[in-house]
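Asker: Chains as they are written, first to last, in my numbering: chain P, 23 to 396; chain L, 23 to 396. Here a beta-carbon is modelled for each residue, glycine too, at the ideal position from N, C-alpha and C. Note that this is a predicted model, so its numbers are computed, not measured.
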DNA sequence: GCCGCATCGGTAAGCGCTTACCAGCCACAC
DNA sequence: GTGTGGCTGGTAAGCGCTTACCGATGCGGC
């Protein structure tokens, strides 16, 4: 029967093959593998041996169809589809954040035997809804990185499948996970104003309408008001969460002759990288003349010159929490009351003081001690 | 009928619902949706309207089972599962490379209507084989980032499902995709030796046994021999592809009093970052006293001080090519001759000269002009 | 006006698995 | 020795979809 044992691809063995080899019915095989019922020791052993011998692993689709559980969570990331034929217009820099979140999800997912089904949706995809719905039918639950759906679409979707948003807004049928923007930004603002005495501060925002950027800006504005500092803001202070955007904004400010504030607070680390770059080009010293801060504390933040002061969110934990949340919503059947739905989960943040705000350099310890406490 | 339109999750509509609403049979619905046969205009329209009305999207598992095509490609990445309960021991730095490759895959995958099923396998997972096989049964094909399987396992796997490895070795039943390590390293080596006249060079290797690291080291050694340069190598020169490893190695060299070579060639950019860090700690100027180079040209390479000279591989294209390769192997049936199998695809690399090797700083243009030709 | 052919659409089988249900079997007790 | 209860394991019914197969239907030609 196994005549085709050549280099040709053989069909993977099915449960029928196992049953035949073990001399039992397919039901028994299934029961042994899923720990249902009380198979006799004898039966169990024969099945396991056959499984071993054939290298049998059940087909995912068949199992999913029958068990009504795919053990897959879909993840939607909104990204520029820069790849064109054989060249990338630019190897995009805004990489780390969503990917690190995904990693956090992966780790937890694996513990539950789930996998992540990743789909990236083009920034200007006209029919994003269809793509997301299609992904939903391949998964047991969905995690959305960015706002890709209209509120109506989101509502319709979340009625069919558990949905968790990241840095979005909870709805009656979806949960949301984000980090504590407000707390982090307040701590940072107080540090700049109270500890360093900076009284003019510019806020380089992120994408227009980004909830994260808005929340951070709001907290900063309040602290500035409370601390008697002046906040520079407005159209000229719009970044894009990307290094290029940050650099561009600062470049414009310098060239146009508008004065720079004593401190520049960026909506994220990526744009802070761009700001540092632009300032360096013009010979403006950081933090001597202008202090710069980021948000996220991505790994490279500590390798920049000067080392970047930032607000750390445990990025992977963000992903881990998002996954745990969808997971808790999965498989509860249609009349699950959705205890996790409508919830808004905020993860703690922590201010990381480094050189770029005016604090002394971080550590004397060599980098080799990365793993050491701190 | 839709009495349960409350906040309760409703079961997604099935093809039966659509058929009922449209007043046709499920076969017609399927035919309309899949463009089989010649449905009458009338029929077609009624079906489409019903689909629209119900928001029907076919279930992935059912479709996969029936059509014998899941439209999913599994991706295996080997990573430390650092996440522990509520803290990450360290937000790992070796992030960018595999994730950027995955992005390249995503983009192309989406064009073919495929999604990526990501599973990360712990570095010291004892039974990685089982995990990978399980993933295989959820996918139509597999892309392996790292060596996780024994040759026998790989062979068994590739007999059941198309497999492409990245930076591995092709086998009669698998294809491999990698970048042209040899060409890139030769160009770099010649530049250092011929253009800059460096005659002592240290090669900071990557993981033990990494094919990439070995190929790069070999090419460097040959060029050094040809150019009359002395290559520092050996146990002390082993990194780990990570910043910490690179820093540690250099730290040891300095502390132990062994002299440093005139140029340090790192197996990748991450370890070069560590090397720069360690040298900076000891006040050794780069490239004045010691030149440093990386490999990969990850995005941050240009933001380091000094900007890092590196060998660019189009990382996303690596992923894109890997995907196209598995894709071409999928669905050809068991007697497909496997035209892509056993192939070894090498993508071109390009030397990027920046400050750290001794060349003048890259550009006067502000970063904002990222997209400009280089 | 009737028959033959081409076309459309419905019926049903089957993808590989899980599991409800029930028949058969064994061991024990009377 | 026979009756009964408790397990075990087999049979079969789906899960939601695709598609081979064939009957029904409509048109043109004679």
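(1) Within the same chain, show all residues whose beta-carbon is closer than 6 Å to that of residue 370 (chain P), passing over the 5 residues directly before and after it, in chain order.
(2) On the three-pair Cβ rule with 8 Å, is the stretch 283-294 of chain L touching the stretch 266-273 of chain L?
(3) Between residue 97 (chain P) and residue 351 (chain P), what straight-line distance do the alpha-carbon atoms span, to the nearest angstrom?
(4) Given a threshold of 16 other Cβ atoms within 10 Å of its Cβ, counted over all protein chains shown, does residue 300 (chain P) qualify as buried or as exposed?
(5) Under the assumption that residue 375 (chain L) contacts residue 381 (chain L) (Cβ atoms under 8 Å), give the Cβ distance between them as a whole number of angstroms.
(6) Let me know if residue 311 (chain L) comes out buried or exposed under the rule of 16 or more other beta-carbons within 10 Å of its beta-carbon.
(7) Got a sec? Which residues, its chain only, sit under 8 Å from residue 61 (chain P) by beta carbon, not counting five neighbours each side?
(8) Using a threshold of 7 Å, state whether the C-beta atoms of residue 255 (chain L) and residue 225 (chain L) are closer than that.
(9) Just tell me which of L:232, L:151, L:99 has its CA closest to the CA of residue 167 (chain L).
(10) Should the stretch 200-214 of chain L be called in touch with the stretch 233-247 of chain L, which here means at least 3 C-beta pairs below 8 Å?
(11) Enumerated in chain order, which unbroken segments of the alpha helix (DSSP H) with a length of 4 residues or greater are wholly contained in the stretch 241-314 of chain L?
(12) I'd like to know whether the C-beta of residue 106 (chain L) is nearer than 7 Å to at least one C-beta of chain P.
(13) Would you mind listing the beta strand (DSSP E) stretches within the stretch 35-111 of chain L that are 3+ residues and don't spill past its ends, in chain order?
(14) Using the DSSP secondary-structure output, state which residues sit across from residue 187 (chain P) in a beta bridge.
(15) Measure the Cβ-Cβ separation of residue 223 (chain L) and residue 302 (chain L) and say whether it is below 7 Å.
(16) Does DSSP put residue 126 (chain P) in a helix, in a strand, or in coil?
(17) Going by other Cβ atoms of all chains shown within 10 Å of its Cβ, with 16 needed for buried, is residue 356 (chain P) buried or exposed?
(18) Is the Cβ of residue 352 (chain L) closer than 7 Å to any Cβ of chain P?
(19) Residue 368 (chain L) touches chain P at which residues, Cβ-Cβ below 9 Å?
(20) Answer with buried or exposed for residue 151 (chain L), where buried requires no fewer than 16 other C-beta atoms within 10 angstroms of its C-beta.
(21) Please list the terminal residues of the continuous alpha helix (DSSP H) segment that includes residue 347 (chain L).
(22) Taking buried to mean at least 16 other C-beta atoms within 10 Å of its own C-beta, is residue 44 (chain P) buried or exposed?
(23) Using only the alpha-carbon positions, how far apart do residue 227 (chain P) and residue 37 (chain L) sit?
(24) So is residue 147 (chain L) in contact with chain P if we call contact Cβ pairs under 7 Å?
(25) Given that a residue counts as buried once 16 or more other Cβ atoms are within 10 Å of its Cβ, and exposed if not, what is residue 213 (chain P)?
(26) From the beta carbon of residue 325 (chain L), is the nearest beta carbon of chain P less than 7 Å away?
(27) Output the distance between the C-alpha atoms of residue 207 (chain L) and residue 282 (chain L), rounded to the nearest integer angstrom.
(28) Sorted by chain position, which residues of the same chain lie with C-beta nearer than 8 Å to residue 173 (chain L)'s C-beta, five sequence neighbours on each side aside?
(29) Can you give me the Cβ contacts of residue 109 (chain L) inside the same chain, cut-off strictly under 7 Å, excluding the 5 residues immediately before and after it?
(30) Report the neighbours of residue 140 (chain P) on chain L: residues whose CB is nearer than 7 Å to its CB, in chain order.
(31) Residues in the same chain with beta-carbon distance under 7 Å from residue 181 (chain L), minus the five sequence neighbours each way, listed in chain order, please.
(32) Suppose contacts are defined by Cβ-Cβ distances below 7 Å. Is residue 170 (chain P) in contact with residue 143 (chain P) by that definition?
(33) Can you list the residues of chain P that residue 103 (chain L) reaches, using a CB-CB cut of under 8 Å?
(34) Is the CB-CB distance between residue 378 (chain P) and residue 328 (chain P) below 7 Å?
(35) Looking at the unbroken alpha helix (DSSP H) that takes in residue 152 (chain L), where does it start and where does it end?
(36) Measuring CA to CA, which of P:127, P:121, P:147, P:273 is closest to residue 125 (chain L)?
Answerer: So, from the listed chains and residues:
(1) Counting only Cβ-Cβ distances below 6 Å, and skipping sequence neighbours, we find 202.
(2) In this structure the stretch 283-294 of chain L lies against the stretch 266-273 of chain L, because at least three pairs of beta carbons, one per stretch, are closer than 8 Å.
(3) Going from the Cα of residue 97 (chain P) to the Cα of residue 351 (chain P) covers about 15 Å.
(4) Buried is the call here.
(5) Confirmed, about 4 Å.
(6) By the 10 Å Cβ count, residue 311 (chain L) comes out exposed.
(7) Within the same chain, residue 61 (chain P) has close Cβ partners 50, 53, 54, 69.
(8) It is a contact, given that the beta carbons lie within the stated cut-off.
(9) Of the candidates L:232, L:151, L:99, the one whose C-alpha sits nearest the C-alpha of residue 167 (chain L) is L:99.
(10) Contact between the stretch 200-214 of chain L and the stretch 233-247 of chain L is present, because at least three Cβ pairs lie under 8 Å.
(11) Annotation: the stretch 241-314 of chain L contains the following complete segments of the alpha helix (DSSP H) (minimum length 4 residues), in chain order: 265-277, 291-303.
(12) In this prediction, residue 106 (chain L) scores a pLDDT of 45, lower than 50, which makes its location untrustworthy; the coordinate-derived value is nonetheless stated afterwards. For residue 106 (chain L), the answer is no, since every Cβ of chain P falls outside 7 Å of its Cβ.
(13) If only uninterrupted beta strand (DSSP E) runs of at least 3 residues are considered, those enclosed by the stretch 35-111 of chain L are 94-101.
(14) Bridge partners of residue 187 (chain P): P:166, P:198.
(15) The Cβ atoms of residue 223 (chain L) and residue 302 (chain L) do not sit closer than 7 Å to each other.
(16) Three-state result, residue 126 (chain P): helix.
(17) In this prediction, residue 356 (chain P) has a pLDDT of 46, which is less than 50 and means its spatial position is unreliable; nothing more can be read from the coordinates.
(18) Cβ-Cβ to chain P under 7 Å: no for residue 352 (chain L).
(19) For residue 368 (chain L), no chain P residue has a Cβ inside 9 Å of its Cβ, as the nearest lies near 15 Å away.
(20) It counts as buried.
(21) From DSSP, the alpha helix (DSSP H) with residue 347 (chain L) extends over 337-351.
(22) Label assigned to residue 44 (chain P): buried.
(23) If I take the Cα positions, the gap works out to 47 Å.
(24) The beta-carbon of residue 147 (chain L) is placed no less than 7 Å from the nearest beta-carbon of chain P.
(25) Buried, because 16 or more other Cβ atoms sit within 10 Å of the Cβ of residue 213 (chain P).
(26) So, interface residue.
(27) Rounded to whole angstroms, residue 207 (chain L) to residue 282 (chain L) spans 21 Å at the Cα level.
(28) Cβ neighbours of residue 173 (chain L) beyond the five flanking positions: 193.
(29) Any reading at residue 109 (chain L) must be qualified, since the residue scores a pLDDT of 35, below 50, and its modelled position is unreliable; no value is offered.
(30) In chain order: 128, 137, 138, 140.
(31) The answer, listed in chain order, is 195.
(32) Cβ atoms of residue 170 (chain P) and residue 143 (chain P): closer than 7 Å.
(33) At a beta-carbon threshold of 8 Å, the residues of chain P lying near residue 103 (chain L) are 129, 132, ordered along the chain.
(34) The beta carbons of residue 378 (chain P) and residue 328 (chain P) sit closer together than 7 Å.
(35) Segment 150-158, the alpha helix (DSSP H) holding residue 152 (chain L).
(36) Of the candidates P:127, P:121, P:147, P:273, the residue whose Cα lies closest to the Cα of residue 125 (chain L) is P:121.
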